[in-house]
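My numbering applies: residue 1033 is where the sequence shown begins, and numbers increase by one.
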Amino acid sequence: MGSFFKNLRNKMERFMCGRYGLDQLGRFLSGALIVCLLLSLFLDSRKGVGQILYFVGFFLLIWSYFRMFSKNTAKRYQENVKFLTIKNRISGPLARSFDHLKQRRTHVFFKCPSCGQKMRTPKGQGEKHVTCPKCRTQFTKRT
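What follows is the structure, given as structure tokens:
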């Protein structure tokens, strides 16, 4: 029985050789596929919303398999790069604000009075002379 699965794994590895495989866009498509199919189960199919979500999920399944088994790796890579730039444009400010909230316990955040550059310094150091890294303005800030 163990040799059967070993042979199956070897055949799958040979089949996938030279193909693109799974990346971040593929994972996103798989997640969206699962959400669409689960929502199509619970929504009323007589009104058409459930059927539409079912077909959208089916389309996402076909698209993710097409990308996974594609041998045009350069094109799939470019698609993934475009997806990641859009994702980072959306989630980047959110991630920075969560980091800012985590660091509020240990650091003081402030802006440069002349250029508005955001800076931080450790808490509990009293009055500190700060030089802005952007415009080189020197000022005093209480931490």
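Beta carbons are placed, not taken as given, at the ideal position from N, Cα and C, and that holds for glycine.
Nearest C-alpha to C1068 among K1143, I1084, Q1110 and D1055: I1084. Per DSSP, the unbroken beta strand (DSSP E) holding P1154 starts and ends at K1150 to P1154. Separation of the CB atoms of L1092 and G1082 is rounded to 16 Å, and the pair is thereby denied contact status at 8 Å. Per DSSP, T1175 is not a residue of any beta strand (DSSP E), being assigned neither H nor E. Contact between the segment 1041–1052 and the segment 1092–1105 is established, with three or more Cβ pairs separated by less than 8 Å. Contact check for S1096 and L1070: beta-carbon distance about 16 Å, past the 8 Å limit, so the pair fails to qualify.
K1155 is positioned such that its CB atom lies no closer than 8 Å to that of K1173.
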